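Beneath this line is the structure, given in structure tokens, with notes to follow.
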Amino acid sequence: MKKSLIALSTAAMLTTGFAASASAASHTVQSGDTLSHLAQRYNVSVSELMNWNDLNSDLIYVNQKLEVGGKASAPASTSTSAKTYVVKSGDYLGRIANNYGVSVSSLKSWNGLSSDLIFPGQRLKVSASGSTSTAAPTKTVSTSSGSTYTVVSGDTLSHIARKHGTTVSQLKANNGLSSDLIRVGQKLSISGEAASESAKQVVTKVASSSNDSVGVINEAKRHLGTPYVWGGASPSGFDCSGFIYYVYKQAGKNVSRTSALGLWNETSRVSNPQPGDLIFFSNTYKPGISHVGIYMGNNSFIHSGNDGVEITSMSNSYWNPKITGYGRK
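All the letters of the sequence shown, read from the start, carry residue numbers -24 to -1, 1 to 305 under mature numbering (1 follows the signal peptide of the UniProt record, and there is no 0).
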């Protein structure tokens, strides 16, 4: 089904000192759409989409029509404001802070963040003051030792090789890789020169941080609305464990293609789950561990249930009594 974009316009009014234009655009929700995906596509924020469409959660439905262009622009202002940045897939606070020469703590303070979790489409202040601008970080940067690329969610070695006119085997040789597995935030040498020591330290830090979890959540939300298919492990359809296998693989985390019980046995138990950890349920369609999802924080989890990939409250009367525990790979 083709996505439709319907432009709606109203008359413009000009008065002394003000110029107000009312224009709007709507989008018909397709399978796999999320508010963060639409926010990124239309260069708006998730909160704006929720406000324009009177939404009290980020749950949307296939064929739902959403206002994506706003209802009216505000009068022009001569006052200065903080620079803003629209979060892209694969971003994390450390990378954004580095690109804008600020600290993570400053970013969190300017944006009222209590954790490092951010989402595609989210607008972040990246300065305390200055003119408003929107910019994207550069993925490929030249250094004295050649060229490096920072892996983002959804990347594969073959994709990166094609993009930079090289081969998978050359990339593996350049970076000492023994498999095709790469991680979100990992820096890869493209030119054949080794990445700098500081870059290696950044990779090590990223690999052990919660940024992996951000990548997992972002990837999982990309598939909202994908139908449930028994044994499915691809964007055409998922069962519960197939969803975990695919999302973790795309986010650079390695788990076996197994059942919910198999994932329970493969992961370590945690009592204080973090976003991106697995949440397990018992006694659903069979006795014992029988369902698994991804914990999102804020008392919610994302999973492939009977109605497909969806976000569900952990207070749900059906699921809450069946919560068995949490696992971390």
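From the three backbone atoms N, C-alpha and C, an ideal C-beta is built for every residue, glycine too.
In this text the structure is predicted, and so the values were computed from the model without any measurement.
Chain-order list of residues whose beta-carbon lies under 6 Å from that of residue 147 (same chain, five-residue window excluded): To locate residue 147, count along the sequence shown from 1; it is residue 171. Closer than 6 Å at Cβ, skipping near neighbours: 133, 137.
Nearest neighbour of residue 102, chosen from 227, 215, 72 [CA to CA]: Counted from its first residue, the sequence shown places residue 102 at position 126. Nearest of 227, 215, 72 to residue 102, Cα basis: 72.
Under 8 Å between C-beta atoms of residue 255 and residue 302: For the purposes of this step, residue 255 is taken as residue 279 along the sequence shown, with counting starting at 1. For the purposes of this step, residue 302 is taken as residue 326 along the sequence shown, with counting starting at 1. Yes, they are a contact pair.
Three-state class that DSSP yields for residue 272 in the structure shown: Mapped onto the sequence shown, residue 272 falls at position 296. Strand at residue 272.
Pick from 293, 90, 195, 247 that is closest to residue 13, judged by C-alpha positions: As a working mapping, residue 13 is identified with position 37 in the sequence shown. The shortest Cα separation from residue 13 among 293, 90, 195, 247 belongs to 195.
Segment contact flag, the stretch 206 to 217 with the stretch 258 to 270, C-beta cutoff 8 Å, min 3 pairs: yes
Residue 298 (DSSP reduced to helix, strand or coil): Translated into the one-based positions of the sequence shown, residue 298 becomes position 322. Note: residue 298 maps to helix in three-state DSSP.
Element boundaries [alpha helix (DSSP H), containing residue 71]: Start at 1 with the first residue of the sequence shown, and residue 71 comes out as number 95. Its alpha helix (DSSP H) spans residues 69 to 76.
Beta-carbon contacts of residue 96 that lie in its chain and below 8 Å, excluding the five residues immediately before and after: As a working mapping, residue 96 is identified with position 120 in the sequence shown. Answer for residue 96: 12, 13, 15, 16, 63, 64, 65, 67, 194, listed in chain order.
8 Å Cβ cutoff met for residue 99 and residue 212: Stepping through the sequence shown from its first residue, residue 99 is reached at position 123. Stepping through the sequence shown from its first residue, residue 212 is reached at position 236. Their beta carbons are not under 8 Å apart, which means residue 99 does not touch residue 212 by this criterion.
C-beta contact flag for residue 282 and residue 290 at 8 Å: Within the sequence shown, the letter at position 306 stands for residue 282. Within the sequence shown, the letter at position 314 stands for residue 290. Not in contact: residue 282 and residue 290 (Cβ atoms no closer than 8 Å).
Limits of the beta strand (DSSP E) - the one that residue 284 falls within: Within the sequence shown, the letter at position 308 stands for residue 284. Where residue 284 is concerned, the enclosing beta strand (DSSP E) stretches over 284 to 289.
C-beta contact flag for residue 285 and residue 200 at 8 Å: Locating residue 285 in the sequence shown gives position 309, counting from the first residue. Locating residue 200 in the sequence shown gives position 224, counting from the first residue. A contact, by the Cβ cut-off of 8 Å.
Residue 233 vs residue 224 beta-carbon contact at 8 Å: Here residue 233 corresponds to residue number 257 of the sequence shown, with the count starting at 1. Here residue 224 corresponds to residue number 248 of the sequence shown, with the count starting at 1. Not closer than 8 Å, so no.
Residue 208 versus residue 77 - alpha carbon distance: If you number the sequence shown from 1, residue 208 lands on position 232. If you number the sequence shown from 1, residue 77 lands on position 101. Approximately 44 Å between the Cα atoms of the pair.
Exposure of residue 150, with buried meaning 16 or more beta-carbon neighbours within 10 Å: On the sequence shown, position 174 is the one that residue 150 refers to. It is buried - the Cβ of residue 150 has at least 16 other Cβ atoms within 10 Å.
Distance between residue 1 and residue 156 (C-alpha atoms, nearest Å): One-based indexing of the sequence shown puts residue 156 at position 180. One-based indexing of the sequence shown puts residue 1 at position 25. Distance between the alpha carbons of residue 156 and residue 1: 42 Å.
Residue 261, buried or exposed, once every other Cβ within 10 Å from all chains shown has been counted against 16: On the sequence shown, position 285 is the one that residue 261 refers to. It is exposed - the Cβ of residue 261 has fewer than 16 other Cβ atoms within 10 Å.
Terminal residues of the beta strand (DSSP E) in which residue 163 lies: Residue 163 sits at position 187 when you count from the first residue of the sequence shown. Residues 163 to 165.
8 Å contact criterion, which residue 310 and residue 298 should meet: CB distance rounded: There is no way to answer for residue 310, as the model of the chain reaches only from -24 to 305.
Cα-Cα separation, residue 26 to residue 35: To locate residue 26, count along the sequence shown from 1; it is residue 50. To locate residue 35, count along the sequence shown from 1; it is residue 59. Taking the straight line joining both Cα atoms gives about 10 Å.
8 Å Cβ cutoff met for residue 246 and residue 304: Counting from 1 along the sequence shown, the entry for residue 246 is found at position 270. Counting from 1 along the sequence shown, the entry for residue 304 is found at position 328. Yes; because the gap between Cβ atoms is below 8 Å, this pair is in contact.
Alpha-carbon to alpha-carbon, residue 166 and residue 53: Stepping through the sequence shown from its first residue, residue 53 is reached at position 77. Stepping through the sequence shown from its first residue, residue 166 is reached at position 190. With a pLDDT of 40 at residue 53, under the threshold of 50, the predicted position of this residue should be treated as unreliable, though the coordinate-derived value follows. Answer to the nearest angstrom: the Cα atoms are 44 Å apart.
Simplified DSSP assignment, three categories, for residue 127: Taking the sequence shown and counting its residues from 1, one reaches residue 127 at position 151. If DSSP states are grouped into helix, strand and coil, residue 127 belongs with coil.
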